[in-house]
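Asks:
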């Protein structure tokens, strides 16, 4: 269950924005990101444009979850600083130069800095530094010695066929922090050659370091895996370049763009096998296993965007791009274990992968009559995977000698996935009355895939939308969409037969050439019927009161005997804000979210068990239900005009996940997954002088989680899995802040 705490803020933002019902086509804005000529700002008197804030914070809690992205993960004091400095261009003087400097959270690991220097109407240069932490687990433990891309076990390690035989496991545990940190450096140049032509060049470098989690496995089948959850070192380096040349006049826009992305990473992770020898595996302590990291790669993209307005009511726009991705990092050997027998080398030194991506769309919009508007769009997307295919005689999980016989089931061929997508969208809108507009739409999407169970799917969608403003203080929107997706024949063993050798397939009867159950349907390819309703109402009965109600309902039905059969999503938000006076404003909201998915499974221990007639007692069903309630309220209050202002916000959210399995025989429901959050934020600003203020802040946050998959699961709880022993997070955190604000 992913925590959905921030979802209500997004929904609330949608609800608070009053929706106008004027035609989108009425506003002929063809901007494609071209850089407009900057206009000199009007001089503003008696307004401070520079602000410096400096002070300190004190946090009461050691909690990675509380400081997950903020950098307030440790108990203790922090120096904090924010500043906004700028020099405006003088509209009445000779100099049109300006500069800006913006910095936030200078004393924290979530700091951000941006500087900009420019000349009005000519261009600008800028730089950015953005640091983002992600603190995940602070209670993880591992017997492996960390410090690089090789994880060794301590001297004196006692191996066992399961964790109960590892007598030195608990005494060898050491804490490890599962956390990463991103540091992004960005610089750019924007220049206007004249009022029509401009150029934009940007470069950024991003480094990501720290520890994530992965799994190391020894084993040759689903019946004999020996696993360990590993702290994986992260060392990503990404360099991106963007160049854009743009043209913009009163009726047309044109832009040409080039994007380059280069990704670099370490090669692999190696770890010692903590288990003793167990047949049929041919590896044991102190042998090693190795897995490859994401390989170094590069991506290029050329794009052309345009828009042209023929007259006040007709326009045409389009976006076209062609990109290619390359990856030729050298393969690792078949195995890192020299004791295993390898007689056939790799068929090539690297994958030599190349994927070409083509995308294009055209949009035509017109208003042929005063009350009618029309829009048509066609989009084509193609993925052309030109990666060579070869047969690989793999050694499963560094655990067995190589099998090279042509009829072996472990010789597999890589399958380069391709697809082609066509999508057509039509919309016709008609204003029934001055305050009521009806829009009808139709979408058609066809996707053709290579190396997939279904070659082609066709989806038809019909849409109706009604927007109305029955009163001058009320706006409404209601939309309904019905979709039907149908596919070509479902080839349940397509990937199985394409990836195995013909010699191996010849050893099997035709009706036994599969791994997944023949009745299983992957939900992305399954025939589906979808219904969706969404809408909102906004009321502004007085200048002081605003009310909003928004929500959506979605239901999917899948034609699958085994697999996902249906899902339902429901969300609704009510919000209200009221200004008692210019000094006091209150706001509040309530959101409920609901998600239900239903699936059917079939338990089997052999291929024959999946053949007709099926045992009815082997079927099982699972309902997964998520319910989230969120309520929030706050106020802004000027207690003493020009002297004392306070702000207060409170948020409460509770999420419950219910997992209900069933079958013909009685079964017990799994425990609920519960998450409960209280969050309180307060700040008070006291003006000591006209341009000097004292800010007192306080933040309280309480989180309680219950997750049976993590709680009580120690490092050795599972006999064939060494876990990290991390529990679901709980905390009660207080943060006190005191800062000075100086404006000039």
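Numbering (mature numbering (1 follows the signal peptide of the UniProt record, and there is no 0)), first residue to last: -22 to -1, 1 to 722.
Idealized CB from N, CA, C, for every residue including glycine.
(1) Could you please give me the residues that DSSP links to residue 491 through a beta bridge?
(2) Are the Cβ atoms of residue 648 and residue 718 separated by less than 8 Å?
(3) Drop a sphere of 10 angstroms on the beta-carbon of residue 345, count the other beta-carbons inside from all chains shown, and report buried for 16 or more, exposed for fewer.
(4) Give me, in chain order, the residues of the same chain whose beta-carbon lies closer than 6 Å to that of residue 353; leave out the 5 immediate sequence neighbours on both sides.
(5) According to DSSP, which residues form a beta bridge with residue 623?
(6) Could you compute how far the alpha carbon of residue 582 sits from the alpha carbon of residue 596?
(7) Please name the residue in 487, 370, 466 whose C-alpha comes closest to that of residue 505.
(8) On the criterion of 16 or more Cβ atoms from any shown chain inside 10 Å, does residue 462 qualify as buried, or is it exposed?
(9) State the Cα-Cα distance for the pair residue -6 and residue 178, rounded to the nearest angstrom.
(10) Just checking residue 519 against the ligand GDP - is the residue's beta carbon closer than 7 Å to any of the ligand's heavy atoms?
(11) Hey, residue 270 and residue 305 are a contact pair by Cβ (cut 8 Å); roughly how many whole angstroms apart?
(12) According to DSSP, simplified to helix, strand and coil, what is residue 374?
(13) For residue 209 and residue 705, what's the separation of their Cα atoms in angstroms?
(14) Inspect the beta-carbon positions of residue 74 and residue 97 and report whether they are closer than 8 Å.
(15) Should the stretch 656 to 675 be called in touch with the stretch 692 to 702, which here means at least 3 C-beta pairs below 8 Å?
(16) Do three or more CB pairs link the stretch 226 to 240 to the stretch 283 to 292 at distances below 8 Å?
(17) Helix, strand or coil: which one does DSSP assign to residue 88?
(18) Tell me whether the beta-carbon of residue 539 lies closer than 8 Å to the beta-carbon of residue 577.
(19) According to DSSP, which residues form a beta bridge with residue 552?
(20) Count the C-beta pairs between the stretch 584 to 593 and the stretch 523 to 537 that are closer than 8 Å, then say yes if the count reaches three, no if not.
(21) Per DSSP, which residues does residue 710 bridge with? Please list them.
(22) Buried or exposed: where does residue 319 fall if 16 or more other Cβ atoms within 10 Å of its Cβ makes it buried?
(23) Are there 16 or more other CB atoms within 10 angstroms of the CB of residue 72, so buried, or fewer, so exposed?
(24) Taking the alpha carbon of residue 191 as the point to measure from, which residue in 594, 255, 644, 113 has its own alpha carbon closest?
(25) Applying the 10 Å Cβ sphere with the 16-neighbour rule, what's the burial state of residue 711?
(26) Looking at the unbroken alpha helix (DSSP H) that takes in residue 596, where does it start and where does it end?
(27) I'd like the list of long-range same chain contacts for residue 313, defined as Cβ closer than 7 Å, with 5 residues on each side in sequence excluded.
(28) Give the straight-line distance between the Cα atoms of residue 450 and residue 515, rounded to the nearest whole angstrom.
(29) Using DSSP with H/G/I as helix, E/B as strand and the rest coil, what is residue 181?
(30) Locate the alpha helix (DSSP H) running through residue 391, then write down its first and last residues.
(31) So residue 482 is in the beta strand (DSSP E); what residue range does that whole segment cover?
(32) Identify, in the order they occur along the chain, each residue of the same chain with its Cβ nearer than 6 Å to the Cβ of residue 341, setting aside the five sequence neighbours on each side.
(33) Can you tell me the Cα-Cα spacing of residue 363 and residue 149, whole angstroms?
(34) Going straight from the alpha carbon of residue 180 to that of residue 168, what length do you get?
(35) Just to confirm, is the Cβ distance from residue 631 to residue 655 under 8 Å?
(36) On the DSSP bridge list, what partners appear for residue 346?
Replies: Well, looking at it:
(1) Residue 491 is not bridged to any residue.
(2) Against a cut-off of 8 Å, the Cβ pair of residue 718 and residue 648 comes out as no contact.
(3) Label assigned to residue 345: buried.
(4) Once the five neighbours on either side are set aside, the close Cβ partners of residue 353 are 343, 405.
(5) Residue pairing by DSSP places residue 623 opposite 616, 663 in a beta bridge.
(6) Rounded to the nearest angstrom, the two C-alpha atoms are 7 Å apart.
(7) That would be 466, whose Cα lies nearest to the Cα of residue 505.
(8) Looking at its Cβ environment, which holds fewer than 16 other Cβ atoms inside 10 Å, residue 462 is exposed.
(9) Only weak support is given to the placement of residue -6: the predicted model assigns it a pLDDT of 37, under 50, and the question is left unresolved by the model.
(10) Looking at this structure, you won't find the ligand GDP or any other ligand, since it has none at all.
(11) About 12 Å separates the beta carbons of residue 270 and residue 305, which is beyond the 8 Å limit, so they are not a contact pair.
(12) In the structure shown, the three-state DSSP call for residue 374 is helix.
(13) Looking at the two C-alpha atoms, the distance is approximately 16 Å.
(14) A contact, by the Cβ cut-off of 8 Å.
(15) Counting C-beta pairs with one atom in each stretch, the stretch 656 to 675 and the stretch 692 to 702 have fewer than three that are closer than 8 Å, which means they do not touch.
(16) Yes, the stretch 226 to 240 is in contact with the stretch 283 to 292.
(17) Secondary structure of residue 88 (DSSP, three-state): coil.
(18) Against a cut-off of 8 Å, the Cβ pair of residue 577 and residue 539 comes out as no contact.
(19) DSSP lists 527, 568 as partners of residue 552.
(20) By the C-beta criterion, the stretch 584 to 593 is judged not to be in contact with the stretch 523 to 537, since fewer than 3 inter-stretch pairs fall below 8 Å.
(21) Per DSSP, the beta bridge partners of residue 710 are 680.
(22) Exposed, because fewer than 16 other Cβ atoms sit within 10 Å of the Cβ of residue 319.
(23) Residue 72 is exposed by the Cβ-count criterion.
(24) When only C-alpha atoms are compared, the closest one is 113.
(25) Only buried fits residue 711, as 16 or more other CB atoms lie within 10 angstroms of its CB.
(26) Where residue 596 is concerned, there is no enclosing alpha helix (DSSP H), given that its DSSP letter is neither H nor E.
(27) Taking C-beta separations shorter than 7 Å and ignoring five residues to either side along the sequence, the partners of residue 313 in its chain run 320, 373, 376, following chain order.
(28) Between the C-alpha atoms of residue 450 and residue 515 there is a straight-line separation of about 13 Å.
(29) In the structure shown, residue 181 sits in a strand (DSSP, three-state: E or B).
(30) No alpha helix (DSSP H) holds residue 391; the beta strand (DSSP E) holding it covers 389 to 391.
(31) If you look at residue 482, you'll find it isn't in any beta strand (DSSP E); it sits in the alpha helix (DSSP H) that goes 480 to 483.
(32) 295, 355.
(33) Taking the Cα positions, residue 363 is about 50 Å away from residue 149.
(34) A straight line joining the alpha-carbon of residue 180 with that of residue 168 spans about 8 Å.
(35) Taking a C-beta distance under 8 Å as the contact criterion, residue 631 and residue 655 qualify as a contact pair.
(36) Looking at the DSSP output, residue 346 shares a beta bridge with no other residue.
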